[in-house]
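Protein chains in written order, with this note's numbering: chain A, 1 to 279; chain B, 1001 to 1540; chain C, 2001 to 2376; chain D, 3001 to 3452. Working notes for the structure below.
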Amino acid sequence: MSFLRSLADRERVFDFLVPAASPVDVRHGPILYLEDVTVSFDGFKAIDNLNLTIDDGELRCIIGPNGAGKTTMMDIITGKTRPDTGQVWFGSRHNLLTMNEPEIASLGIGRKFQKPTVFEALTVFENLELAMAADKRILPTLTAGMSGEIRDRIDEVLLTTGLAELSRRPAGILSHGQKQWLEIGMLLMQRPRLLLVDEPVAGMTEQEMERTAELLTGLAGKQSVVVVEHDMGFVRSIARQVTVLHQGSVLAEGNMDQVSSDPRVIEVYLGADADEEVA
Amino acid sequence: MRSLLFLWLLVLLVMPLTVHAQTSANDEAAIELLEALDVDSFPAKGEAIEAIVASDHERARYWLQSLLDGRLQRADDGRFVVVLDNTGRDWPVEDALTGEALGEMSRRDLDRISINNALRNQLRSAIAVVDLYSPDLELRRASAERLLGEVDAELAEPLEALIAEEGDRRVSRRLAQALAIHRLEQGEVEAVAELQGSLHPRVRVALARAASGAFDSRAVTGDDPVVADAAQAALVSIEQNLRLNRMAETLYFGLSLGSVLVLAAIGLAITFGVMGVINMAHGELIMLGAYTTWMMQQLLPGQPGLALVLSVPAGFLVAALAGIAIERGVIQFLKGRPLETLLATFGISLILQQLVRTVISPQNRTVVSPEWMSGSIAINDALSLTLNRMVVIAFALAVFAALLLIMRRTRLGLEVRAVTQNRAMARSMGIRATRVDILTFALGSGVAGLAGVALSQLTNVGPNLGQSYIIDSFMVVVFGGVGNLWGTLVAGLSLGVINQILEPWAGAVLAKIIVLVFIILFIQKRPRGLFPQKGRAAEG
Amino acid sequence: MWLTRPFNERATLTFLGVLLAAMILVTLLHVAVPQGHPLHVNAYTVNLFGKYLSYALLAVAVDLVWGYLGILSLGHGAFFALGGYAMGMYLMRQIGDRGVYGHPELPDFMVFLNWDSLPWYWAGFDMAWFAFLMVLLVPGALALVFGFLAFRSRVTGVYLSIITQALTFALMLAFFRNEMGFGGSDGLTDFREILGFNLRSNEARLGLFLASGVALAVGYVLCRAIVGSKLGRVCVATRDAEARTRFLGYRVERFQLFVFVVSAMLAGLAGALYVPQVGIINPSEFSPLFSIEIVLWVALGGRATLYGAVIGAILVNYAKTVFTGVMPDAWLFALGAMFVLVTVFLPKGVAGLLAYRIKRRRRPDDDGATGKEVSA
Amino acid sequence: MNAPRRKALSHAAGQPSRWLAAALVSAGTLGISAQALAEDPIKVGILHSLSGTMAISETVLKDTVEMLVEKQNAQGGLLGRQLEAVVVDPASNWPLFAERARELLAQHEVDVVFGNWTSVSRKAVLPVFEELNGLLFYPVQYEGEESSENVFYTGAAPNQQAIPAVDYLIDEMGIERFALLGTDYVYPRTTNRILEAYLKEEHGVADEDILINYTPFGHSDWQNIVAEVRRFGSEGKPTAVVSTINGDANVPFYRELGNQGVDAGDIPVIAFSVGEQELTGIDTGPLVGHLAAWNYFMSVDTDVNYDFIDAWIDWTGDEEAVTNDPMEAHYIGFNMWAEAVRKAGTTDPDAIKDAIIGVTVPNLTGGYAAMMPNHHITKPVLIGEIQDNGQFEIVWQTPSTVAGDAWSDYLPGSRDLIADWRAPMRCGNFNVSTGRCGGSTAAEEAEAALAE
């Protein structure tokens, strides 16, 4: 009877009573670990015992046709969707299946959505301010001020994302590409251990793509990055390890060349432009 | 009085049916009879009535009936007249003696011969006895019902004869029971067998009194309590039977209340559930439907049934048009601002209410129930189902089925679902979204109108009609799950039943409160109602 | 310090200035100008303004949750009424033995309902400090429990609106019951004194008017401070993209709860100031229609601006006062039409118009929320 | 007004409130020449809801007063001055009632107010009238337990309606079981408590023979309750329903009665809140024989009544227009006030208060109504049976008129209380056992005046 339980833990309503999350433990092995994860929406299996491990500091690209379960996988990792079976571990200490979105986020998992979602009523600056890693409980948030050091960090990110001159404008007026950048910027502000990036370059120009590529590759090493992307060119430009999802489970894994030469992959995914790829 | 009745019966039985016109003398007598009625004391009137009964005058029943209806009156000139229609200031009348029409008289010149409930009962019994001999089966049935528990020694004997020659089973069974009660009162134990299993309250009362030993003293077999025991036994089985009937009754009440909720809410389920428009004027659209019914009855005086049937399409049309006006006039400007629609339509509802108040009247309007919707059909003596409710239940289900068909099977339904799923996509596929909006809203509003037509048979037709249903409607829709017709049906019916089950022991007020709290807690458990929408569409 | 931040905003200062000026003006015209003089503001009008101000505070409370948090509460009348009842109970106890039955302790309605002693929940309401505390705590507690349940299970949008409506509706029915011990449909009335002042004296009326003004000012500054803080921006973020806010690590439901409770307390305070000025509190304040009306004030004034809420509340209620006197048969048409026209043609309300005028002169102060139309 | 002057006044007189009021009036009329006085009209305030839930009942009362004012003007007005009706709409909203009342008295400075229907609305405006010393004529039957110096109760008190009604049920119809059904608010609660006590004390009715049930306002689903009453009535004893069900809820209630075949012959219903007005909304066919207790019925067969009806029909221009008891109450109240004004030669509230006690005017039932010292009036009690034409057939009537009793003898709290607004007592709730005027408003005002 969860209703009673909820009443029981009523005193946990106020945040300042909640202990801060303990740091991620990656001493033995991967930072992200999915095992036999399965989830189905009324009968249809979106994820079918998926196994996936991301090492600390790795940059991993995940490709796969529509409906392969890429976004659903992200939802599971970030706590939006609960799998029917399986395990999801962040480091070797945190079982993500027992946590909700904010908890997971504060552990240091940042997510950029497929469809860029920024807070349109707030200014670019404020968007970044909210995203910044900080004490995100009620009273601290209420009394939070604007220290010079915070300002510097925000300005720095504004520069990296090239949004400096727009910082006081409401995010609602940004172009699609600019929103992409802003969201990447918000990711950077979060200083996450693991970035989940869903189609980062959709709606970007060539040079913007290159800059994004630099940015992501730059991040890798310090932080772990998982990129879901359709644009093969872009994937090729950044990819070291590539995982191919198909019908909710891993079809193939390896570097770009291995993967793109894998007949099954060519069949289910690369399909039309297969020969060009293989050649 | 009984003895006189009996005498009169004998006369009637013995005398060959030769009532020729012994006019003048007859008139003298008649006038005397009626004169006797025109006194102040009710006991005196009672005797006068018996006198009329006793004088087997050819018009006796006619007088008794019109006296019962309060239409037997005396004009200032002393003539006795029967009022044919007592509405307005001048009333058409006819002569009580001859039955010839006397044109209209001012109500100022007429004095009603007043009666009270005591006299009314006396009259009914008297008429009942007369009617036992009537060729009209309905009259015989009525009077048989009437006589249950009113039989006495004098009436008993002729009854036996009547039972013997009665053709209709129901009448004869009733009369037999009536007789049996009389016998039971005489302490005859055999009578219990006849009453065994009857659920009629009067029978139960008689048995109860018997069980308490009231009649044993007068028992022919001496003072053994055998009658009491027998009656007790019969009573026990009856009580059990009654309990079952009561449950059935409660269930029926619940369903009928539920069907009302469904009717009121289903239109909302469309405008609100499918279009996402929070239409606060929904209640007023219901009100329009109800007023349409009233107007139809004004247009077709004298045939409420036809008027009601016609007002089904009419009500739908009126409300639908109003709906279109609202959609075009206001809602189309509020696309994607659902909660704003709430505010605007609230303003509209205020306007519509006051409009009715000023244009028609702040008072409630009378909507007559046609024959086939008044009264109830008796399943047995304890359980009878009210007709108007039954019709409403059927109507609600019919409307629901129709809507389901429209949504599932028709082009419109398809387009509606398409537009709600993905507006832009639907557009690009050549569906004219605006047209769909108009039609959907018209449909929802029209259904509200239908609800109004039905409600006009249950409750007030007045400016406040809408307000009293709008909140319940929203509860039902949300409880059932927005955008799901089945949800609305299940939610409405179950809320109705829950309410009616609670009411007897919690009281009407508390029952309502409990239901509301239940809804609140339920929404905590299932934030999207009974039947939530699935998939990405429902997200966010 | 976050609480003082609002005093650096031009908008807030302007608002406070206008409010203060109005209060002083009314006071002067009432006290200094002799009766019968055309400029004299009589007790009736002072009383009326006092009522408007308490309504304005209520509207601000609603705007806080609706405008900045995107929670359309159709049940704020409940918090208002609860605050009112708490105050009413205090005033009831002040009557003492001057009730019609002259009972030293029991209010009249309890005497003729044959109650022999005060029910436990009436205890302590003879003490001003306790009663005034309850004015805040009772609505706050209800908001805490209700909000906790609702936000925890992520009831959102229309569903939330409807169950807030169910909440106030249920409370209305409950308070109508005489067994509840709150005077049933008649509610609490025939008040005499507050803090020793005779309620029927002009001085008390003026006092209450000023108190309402101060309460409004305080409430306004508090709300400003909240929405101006980072927490305020989290609220706006939640309003526009709840899921996204969660992924940034904010426990959305707790922010919602916090603001909801604050708002409920403000509503309670408004109710407490309202009751002694109108001289009666009864269950009709719980009626869902009243709660909807509050929302309409805010919409009409302009949501997510706070000062808009104040404008709306005063405007609508003033219109009501005038219309019901001038055109008794037709005022509902006017009111209804007003609601329709504003929602359709002034989506940002009257405040939207003002902001537009101001924008023309200087660049808008960075109150992001006014910037964009939002569909809650 | 400024405090010192007030203080002086309150010291000067034993009745501060009244002197203050006098001062107020004079202050209001100060500097206006007597000649001008004769010209400016006497203002008659009308405080009835024209919108909201109560509009159903109250709008006709507003029209009635307007009609009476017009008639009075046609006869040359009062004291050579014309009358002017001031109409406001409290919109069925109780706090708004208080506000509107204050507006009428303080802004429009009306000389008298006719208004209110529900008890709660009266309670809401009561303090306003006492503070500003206005006059209110309240035309609706109510629960009693109140007598204000500034209010005149021209409707029935419980002893002018409920008690005679059950007497009729018991004596004339031999009823032994009573189902008391009511809407859950103060009037039914109090009335039923009085009746319960009365039935048990005076007629020895047993507990199990009394069924009490309350329903919310505008209750529309009566299936269960009617079924329960049916069972309650089928136990062998003659049973009646005593209904204090309010306005809107009646239509569905009577419909359900009709459909479940509860016939006036088996279980008569006697209603205290159902008049001709309510019946206009009901198809009365199935209801013939059910009862109502009032002090007036449209069917009353007197010429004065027929004249009133004709005047009403002409005023509304609606052939079907009906009259009802509260309308008669206003008719009586208005004439009493007019009479008192003539008697006092002024519209000053205090003069009127003194003058009106004992004033006697004809009612519409062929008798006379007198204003009692407790501000209630004498009324005949009529029992009527519903006819198929939406009218009531009068079947019983008290031999003489009954004086309204502010404090019921059947409630422990109010047994010892009496009201008498004549000098020297001037008290609305004088406790004969303690001999003191408990919580009298006069005393309270004095304190207040001193407090400042």
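The beta carbon of each residue, even a glycine, is placed where N, CA and C say it ideally should be. Fair warning: this is a prediction, and the values are worked out from it, not measured in the lab.
Item	Value
Cutoff 7 Å; reference R1170(B); Cβ partners in own chain excluding five residues on either side	R1141
Cβ of V2100(C) within 9 Å of any chain D Cβ	yes
Nearest-angstrom beta carbon gap, E229(A) and V259(A) [assumed within contact, 8 Å]	Not quite, the Cβ-Cβ distance comes to about 13 Å (not below 8 Å), so this is no contact.
DSSP-derived helix/strand/coil call for F1395(B)	helix
Sufficient close CB pairs (3 or more, under 8 Å) joining the stretch 2090-2101 of chain C to the stretch 2187-2194 of chain C	yes
Endpoints, the beta strand (DSSP E) within which P3483(D) is located	Nothing in the structure corresponds to residue 3483(D), since chain D is present only between 3001 and 3452.
Euclidean distance between Cα positions of L1195(B) and I3212(D)	33 Å
Every unbroken alpha helix (DSSP H) inside the stretch 1169-1198 of chain B [4 residues or more]	1169-1185 and 1190-1195
Close-in-space but distant-in-sequence residues of the same chain around F2148(C) (CB under 7 Å, 5 per side omitted)	L2257
Within-9 Å CB hit, I2280(C) to chain D	yes
Touch test, the stretch 1443-1451 of chain B against the stretch 1284-1294 of chain B, Cβ-Cβ under 8 Å, three pairs minimum	yes
Alpha helix (DSSP H) runs wholly inside the stretch 164-236 of chain A, at least 4 long, in chain order	176-190 and 206-219
C-alpha gap between D1229(B) and A1211(B), whole angstroms	6 Å
H1282(B) - containing alpha helix (DSSP H), residue span	H1282 to L1299
Beta-carbon neighbours of F1346(B), restricted to chain C and to distances below 7 Å	I2292, L2296 and F2339
Exposed unless 16 or more other CB atoms sit within 10 angstroms - verdict on D3405(D)	buried
Through-space distance from L3291(D) to Q3391(D), alpha-carbon basis	11 Å
Cβ neighbours of D3416(D) in the same chain (closer than 7 Å, five flanking residues each side left out)	N3431, V3432 and S3433
Min CB distance M1275(B) to chain C below 9 Å	no
Short CB-CB distance (under 9 Å) between F44(A) and chain C	no
Any 3 or more C-beta pairs closer than 8 Å across the stretch 2160-2179 of chain C and the stretch 2004-2013 of chain C	no
Endpoints, alpha helix (DSSP H) assigned at L2019(C)	R2010 to V2031
Integer-rounded CB distance, given that G2184(C) should sit under 8 Å from R3193(D)	Rounded, the Cβ-Cβ distance is 13 Å, inconsistent with contact.
Interfacial residues, the stretch 3138-3163 of chain D to chain B, with Cβ spacing under 7 Å	none
Below-9 Å beta-carbon distance, V3025(D) vs any chain B residue	With a pLDDT of 40 at V3025(D), under the threshold of 50, the modelled position of that residue is not reliable, and the figure given next carries that caveat. No, its Cβ sits nowhere closer than 9 Å to a Cβ of chain B.
CA nearest to the CA of L187(A), picked from V24(A), I62(A) and P116(A)	P116(A)
Supposed contact pair N3363(D) and I3313(D) - C-beta distance, whole angstroms, cut 8 Å	Not really, about 20 Å apart at Cβ, beyond 8 Å.
Rounded straight-line distance, which links the Cα of K1045(B) to that of V1039(B)	7 Å
For R1112(B), the first and last residue of its enclosing beta strand (DSSP E)	L1110 to R1112
For V3125(D) and P2034(C), the rounded distance between their alpha carbons	27 Å
Among V3304(D), K3123(D), Y3138(D) and S3119(D), the one whose alpha carbon lies nearest that of V3113(D)	Y3138(D)
Alpha carbon of A2272(C) to alpha carbon of N3224(D), nearest angstrom	40 Å
Backbone secondary structure at M2172(C) - three-state DSSP	helix
Neighbour flag for T2324(C) against chain A, beta carbons, 9 Å	no
Per-residue burial, F2080(C) [other beta carbons within 10 Å of its own, 16 or more giving buried]	buried
Beta-carbon gap between E3084(D) and R3122(D) smaller than 9 Å	no
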